[in-house]
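Colleague: Residue numbers are given in our numbering: position 8 of the sequence shown equals residue 8, and the series is strictly consecutive.
Here it is, the structure in full.
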Amino acid sequence: MDQQAPELTSAETALDQVTAFYARLLKLLDQGAAPSAFDDLGTEIRTFRPELEGRLEADLARAVRLRESVEHKLKRERELIALNETARDLSAVRDTDQVLQAIIRRARQLAGSDIAYLSAAPDDRSPFHVRATEGVVSEAFASIVVPRDVGICGSVARTRRPWQSSQYRSDKGFHHDPEIDTAILSEGVVSILGIPLELEAHIIGVLFVADRYERTYNPQEISILQSLGTFAALAIENARLLEEAQRALSMAREANVALRAKADDIESAAVAHERLTELIVRGGSLEDLRSRVATLLGGDAVILDERQIAIAGALPPSVPDHGLASAIRESVRLGRAVQFEATPVLTVTVAAVTSGVVRLGALVFARSKPMSSSEIRTLERAALVSGIVLLSLERVAEATYRNVADIVSALLRGSSDPFRAESSNALPVGVSLSWPATILLVGCEDGFAAHLPQAVRAAASGRHAIGAAFNGDLAVVTSGDDWMTLARRIATALEECGRQPCNIVVSQPVSDVAAAAAEYRKLRRGLALLRNLGQSGRIVPEKTLSLYGLLFDGQGEEAARAFIAQTVGALLDHDRRRKAQLAPTLYAYFETGRSLQRAADMLGIHVNTMRQRLDSLGALCPDWSEAERGLELHMALRLHRLSERLPR
């Protein structure tokens, strides 16, 4: 009985030990302790009785396997949760960069790595660019560009399989690049794993995890990272598709806007065309057209003639002449409107107005902003209308000019009196002429009068004046008093047309047709005399030329100059060489009726000086005091003086 008691006590103790062992084992399982924590229980088993060791070791091994199974399932659960969250991000987040950042963050967490990053390429030939990083210290790391045949990227792209290296620096299994190695090793990378991002047999990127210690990545880690890589590839592809869709939508919107603008332009052009057509039909003027263009296009419109003179509207002062002239030439050459910037705040558009090869002028439009293509087409249509109006006006002007030419011809031939009441209706509208009238004859060379520019015709016309070509010259008839202003206006117009200065001879007022015809013949002689004297650009009253014109009429162009040279040439040469005044002295003597005193007074010299000068004439003109010779000398000196003192 006493022997059984110790045995019972020993059994109870063993039972308590086993119970305590299993309690600690359950606690470790419940706490999810690390595998090393179970090693202490393995050591403790050695203290149990031999018959218990085997069973306890088997239970401990079963518990460890159970713990590993639970841990594996928990890890798998975390991975599935991460994949599920990634899928949710992919469907919910529209920002691709945010999705990629979330993917590499989860890749780093699931792999337990120090670094994660993703490189992508737009196509099979382009290099890889870093798109997202996690755990990277250097900012320069994000700018790495890897060619498709270099580094881990190149190996993954070539094999289309995951590629890992436990010793990046010394690994000879792939092609190293010094710059890329420097960037990676500067992060302290020792181990690295690259996962291909594959989409429809194309490698579009590589997902990386890397550690700063030596490590081998197990198949389970590679598998879950491949799943993340699939999501990353989908995210990149979705981004590409979204970008294409947005680009297509943007292009559609732009096309819609362009179509709407085109429709608006067509409608505006139709309205403009209708209004311009209506203007032509009702016989609108150039000013009407200019005003219509300015209103339609919202700016300043000006119509210029062929000399770039505004005939409707006024050019803004800031428009440069050289820029305008260049634009007109370019518009004529191209056959369409030309724009140029006159100032930073003023754009000028020029459309040449032509008829065949004849330049009629230009339509100029100016405003603060450039014109659209449809507005330019409207301006070009307006230029065509301007040409029609100008041609119409030109035809009217030509018909009027032919009528004026007939009137001038009849008047100067003495065949009819256009100023009579019954003939006054033949005069142009707005012109009123009456006797007495003054005739201006403009000498024209090379048949110029037969093709007088409109500017010259306009200068020769007015409220009380008409002008037209007659016998090769320009004849102007006026009943106004200010013939000098009229003559100068004509001379200016001729000069602006590029003509050499022309002589203009002006008649005395005439009171009837017969006197007009006679006066015209005198004017012709006067022009001939001026040409004989080598004069040009002179405006001369005919009465100052009448005597000499009659004298040298029909004797040739050199007759007057030859007469001067033969009669007083030696005297004039002497004065030029010696800087003397013998010719003026002799002229004054003859002009004062051979009076020494009056001639001296005329010259402002003493009478003795006058006498001495006349005495010295004997060597040059020995017979100057004879009556017949004196008359020749007097006439030659007068003619010479006339040629030098004619007004311009």
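All C-beta atoms, glycine included, are put in the ideal place defined by N, C-alpha and C.
Does DSSP put Q164 in a helix, a strand or coil?
Modeller: Q164 falls in the strand class under three-state DSSP.
Colleague: Please check if any C-beta of chain C sits within less than 8 Å of the C-beta of T277.
Modeller: Given the protein chain composition of this structure (a single chain), no chain C is represented.
Colleague: What are the boundary residues of the alpha helix (DSSP H) that includes V607?
Modeller: Its alpha helix (DSSP H) spans residues V607 to D615.
Colleague: With DSSP run on the structure shown, which of helix, strand or coil describes Y548?
Modeller: Y548: helix per DSSP, three-state reduction.
Colleague: What is the rounded straight-line gap between the Cα of A627 and the Cα of G443?
Modeller: C-alpha separation (whole angstroms): 37 Å.
Colleague: Taking the runs of the alpha helix (DSSP H) that are 4 residues or longer, which of them lie wholly in the stretch 286-322?
Modeller: Entirely contained in the stretch 286-322, the alpha helix (DSSP H) runs reaching 4 residues are, in chain order, 286-297.
Colleague: For N256, does the count of other Cβ atoms within 10 angstroms reach 16, so buried, or fall short, so exposed?
Modeller: Under this definition N256 is an exposed residue.
Colleague: Among V319, S318 and A301, which has the Cα closest to the Cα of A312?
Modeller: Among V319, S318 and A301, the Cα nearest to that of A312 belongs to A301.
Colleague: Tell me whether S355 sits in a helix, a strand or coil according to DSSP, three-state version.
Modeller: Residue state, collapsed to three classes: strand.
Colleague: Pair every Cβ in the stretch 364-378 with every Cβ in the stretch 402-412, then say whether three or more of these pairs are closer than 8 Å.
Modeller: The stretch 364-378, when compared against the stretch 402-412, does not touch it at the 8 Å Cβ threshold.
Colleague: Taking the continuous alpha helix (DSSP H) assigned at R131, which residues delimit it?
Modeller: Per DSSP, R131 belongs to no alpha helix (DSSP H); it is in the beta strand (DSSP E), F128 to E134.
Colleague: Could you spell out where the alpha helix (DSSP H) holding D97 opens and where it closes?
Modeller: Start and end: T96 to A111.
Colleague: Please name the residue in A599, R499 and V506 whose C-alpha comes closest to that of T485.
Modeller: The shortest C-alpha separation from T485 is found at V506.
Colleague: What span of residues does the beta strand (DSSP E) with L199 cover, start to end?
Modeller: Segment S191 to L199, the beta strand (DSSP E) holding L199.
Colleague: Could you give the residue range of the beta strand (DSSP E) that holds E341?
Modeller: Taken as a continuous stretch (DSSP letters only), the beta strand (DSSP E) holding E341 covers V338 to T343.
Colleague: Expressed to the nearest angstrom, what Euclidean distance is found between the alpha-carbon atoms of T492 and V357?
Modeller: Using only the alpha carbons, I get a separation of about 27 Å.
Colleague: Quick check: the stretch 514-528 against the stretch 452-465, are at least 3 beta-carbon pairs closer than 8 Å?
Modeller: Taking 8 Å as the limit for Cβ pairs, the verdict is that the stretch 514-528 does not touch the stretch 452-465.
Colleague: Out of G534, I203, R290 and P622, which one is the CA nearest neighbour of A314?
Modeller: It is R290 whose Cα lies nearest to the Cα of A314.
Colleague: Among residues of its own chain, excluding the 5 on either side of G188, which ones have a beta-carbon nearer than 7 Å to its beta-carbon?
Modeller: For G188, where only same-chain residues beyond five positions count, the Cβ hits under 7 Å are R212.
Colleague: Would you call the stretch 522-538 and the stretch 434-442 touching, i.e. three or more CB-CB distances under 8 Å?
Modeller: Counting Cβ pairs under 8 Å, three or more are found: they touch.
Colleague: Sorted by chain position, which residues of the same chain lie with C-beta nearer than 6 Å to Q3's C-beta, five sequence neighbours on each side aside?
Modeller: Because Q3 carries a pLDDT of 48, less than 50, the predicted location of this residue cannot be relied on, and the following value inherits that uncertainty. The answer is none, since no qualifying residue turns up.
Colleague: Need the endpoints of the beta strand (DSSP E) that Y117 sits in, please.
Modeller: Looking at the DSSP string, the run of the beta strand (DSSP E) that includes Y117 is I115 to A120.
Colleague: Can you give me the C-alpha to C-alpha distance between S643 and S416, rounded to a whole angstrom?
Modeller: The straight-line gap from Cα to Cα measures roughly 36 Å.
Colleague: By how many angstroms is the C-alpha of L360 removed from the C-alpha of G447?
Modeller: Computed Cα separation, rounded: 22 Å.
Colleague: Starting from V150 and walking both ways along the alpha helix (DSSP H), at which residues does that stretch end?
Modeller: Counting along the chain, V150 falls outside any alpha helix (DSSP H), and DSSP gives it neither H nor E.
Colleague: Could you check which residue in I280, A34 and A383 has the C-alpha nearest to that of S331?
Modeller: The shortest C-alpha separation from S331 is found at A383.
Colleague: So, with DSSP's three-state summary, where would you put L620?
Modeller: If DSSP states are grouped into helix, strand and coil, L620 belongs with coil.
Colleague: Measure the beta-carbon distance from V350 to A337 and round it to whole angstroms, keeping in mind my assumption that it falls under 8 Å.
Modeller: 6 Å between Cβ atoms; contact.
Colleague: State the Cα-Cα distance for the pair L379 and V293, rounded to the nearest angstrom.
Modeller: Going by the C-alpha atoms only, they are around 7 Å apart.
Colleague: Just to confirm the assignment, what range does the beta strand (DSSP E) spanning F48 have?
Modeller: First-last for F48: undefined, no H or E at that position.
Colleague: Take T354 as the anchor and find which of A61, A210, G323 and E394 has the nearest alpha-carbon.
Modeller: Measuring from the Cα of T354, the nearest candidate turns out to be E394.
Colleague: What is the rounded straight-line gap between the Cα of A541 and the Cα of I376?
Modeller: Note on identity: in this sequence residue 541 is Pro, with Ala being the wrong assignment. Taking the straight line from one Cα to the other gives about 54 Å.
Colleague: Where does P344 land, buried or exposed, given buried means 16+ other C-beta within 10 angstroms?
Modeller: Exposed, since its Cβ has fewer than 16 Cβ neighbours within 10 Å.
Colleague: For D305 and P453, what's the separation of their Cα atoms in angstroms?
Modeller: Roughly 11 Å separates the two Cα atoms.
Colleague: Under 8 Å between the Cβ atoms of F128 and S155?
Modeller: Contact flag unset, no.
Colleague: What's the C-alpha gap between A111 and L118?
Modeller: When rounded, the distance between both Cα atoms is 15 Å.
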